[in-house]
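Student: The sequence shown runs contiguously to residue 139 in UniProt numbering.
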Amino acid sequence: IERTLSIIKPDATRRNLTGAINAKFEAAGLRIVAQKRIRLTKEQAGRFYAVHKERPFYDELCEFMASGPVVVQVLEGENAIAKNREVMGATDPAEAAEGTIRKEFALSKGENSVHGSDAPETAAQEIAFFFSELEIV
Ligand code: ATP
Ligand code: MG
3 IERTLSIIKP DATRRNLTGA INAKFEAAGL RIVAQKRIRL TKEQAGRFYA VHKERPFYDE
63 LCEFMASGPV VVQVLEGENA IAKNREVMGA TDPAEAAEGT IRKEFALSKG ENSVHGSDAP
123 ETAAQEIAFF FSELEIV
């Protein structure tokens with residue numbers, strides 16, 4: 003059993019899509035074992051996305067992630083990291099497969115509705131960024 007960190011991004015919370023996105027996770031067999039709705043500062047978003055610091059879209063990404071509430075969550079299941087990324091679809095909604103969250107809901111490559119950890123090491127780091135072990139049940 004594996005855990006991954008998921009974020010429902012501001013473009014999705016703004017459009018009241020939290021439940022629709024959570025339904026996709028649950029239909030795929032992922033269990034939401036921790037969840038909270040928070041507003042990140044630009045500085046906090048910058049720390050979370052520090053791996054992208056040198057990328058041209060870093061500043062825009064941090065602004066966007068601080069532009070409204072996000073729902074941070076821990077998803078649990080067999081191969082949760084890969085399964086979540088499959089349900090999310092490609093970064094660019096134009097390239098995302100039919101039925102994926104990004105195909106259905108994302109507005110653009112930047113405002114793409116969800117984040118999901120990409121490997122076991124980053125999942126552990128990202129979960130610890132938002133949650134204590136006691137909050138994950
Ligand atoms: P995430 O890490 O959010 O799950 P990802 O792994 O599919 O998405 P990354 O390459 O890690 O994509 O990029 C992180 C985030 O940065 C993307 O989800 C998107 O919001 C933003 N981003 C990536 N590429 C671009 C771009 N070319 N222009 C604007 N924003 C971008
Ligand atoms: Mg990524």
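All residues carry an ideal CB built from backbone N, CA and C; glycine is no exception.
As the structure is a prediction and not an experimental result, all values here were calculated from the model.
With distances taken from CA atoms, which of Ser-110, Lys-111, Gly-91 and Glu-113 is nearest Asp-120?
Tutor: Working through the sequence shown from its first residue, we reach residue 120 at position 118. That would be Gly-91, whose Cα lies nearest to the Cα of Asp-120.
Student: Using CA coordinates, which residue listed in Asp-94, Pro-71, Leu-136 and Leu-109 is at the minimum distance from Ile-9?
Tutor: Position 7 of the sequence shown, counted from the first residue, corresponds to residue 9. Checking every option, the nearest Cα to that of Ile-9 belongs to Pro-71.
Student: What's the C-alpha gap between Asp-61 and Ile-40?
Tutor: Counting from one through the sequence shown, the residue named residue 61 turns up at place 59. Counting from one through the sequence shown, the residue named residue 40 turns up at place 38. Distance between the alpha carbons of Asp-61 and Ile-40: 20 Å.
Student: Rounded to whole angstroms, what is the Cα-Cα separation between Ala-14 and Ala-108?
Tutor: Stepping through the sequence shown from its first residue, residue 14 is reached at position 12. Stepping through the sequence shown from its first residue, residue 108 is reached at position 106. Near 8 Å, if we compare the C-alpha coordinates of Ala-108 and Ala-14.
Student: Would you tell me roughly how many angstroms separate the C-alpha atoms of Phe-131 and Leu-7, rounded to the nearest one?
Tutor: Position 129 of the sequence shown, counting from 1, holds the residue named residue 131. Position 5 of the sequence shown, counting from 1, holds the residue named residue 7. Spanning the two alpha carbons is a distance of roughly 10 Å.
Student: Are the beta-carbon atoms of Glu-137 and Ala-30 separated by less than 8 Å?
Tutor: Numbered from 1 along the sequence shown, position 135 holds the residue referred to as residue 137. Numbered from 1 along the sequence shown, position 28 holds the residue referred to as residue 30. Against a cut-off of 8 Å, the Cβ pair of Ala-30 and Glu-137 comes out as no contact.
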